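Numbered according to numbering that gives the first Met the number 0, the sequence shown terminates at residue 68, and the numbering increases by one at each position without gaps.
For every residue, glycine included, the Cβ atom is placed at its ideal position computed from N, Cα and C.
Note that the structure is a prediction, hence the values are computed from the model and not measured.
Since the structure comes first, as structure tokens, the remarks are kept for the end.
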Amino acid sequence: MVVNGFIVIFLVAIIVALLAGGYFVVRDPSTQRRALWALIWRVGLQALLLIFLVLAFFFGWIKPHGVGG
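Structure representation (structure tokens):
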């Protein structure tokens, strides 16, 4: 159950970073590159989520299941 919580937290953080990047691209006129950093955070979070999922599978924290049978 804890693993599911981490996955949900990662997904919410990825969505927040994506929305922040989109907001900065559309609305932010500054030259601080905030959109770039928000999207870099998103890519980094996605990489961490992928690594976490692979490790969770190898340690047996999550188990695959068949779809439809």
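Asked	Found
Option nearest Leu-10 by Cα separation, candidates Phe-51, Phe-57, Thr-30	Phe-51
Three-way DSSP call (helix, strand, coil) for Ile-61 in this model	coil
Residues near Phe-5 by beta carbon distance below 7 Å, same chain, minus five either side	Phe-51
Exposure of Leu-49, with buried meaning 16 or more beta-carbon neighbours within 10 Å	exposed
Integer Cβ distance of Ile-39 from Val-2, believed to fall under 8 Å	Not a contact, Cβ separation roughly 26 Å.
Phe-58 to Val-7 span [Cα, whole Å]	19 Å
Sub-8 Å separation of Phe-69 and Ala-34 beta-carbons	The structure shown does not extend to residue 69, since the chain spans only 0 to 68, so no value can be given for it.
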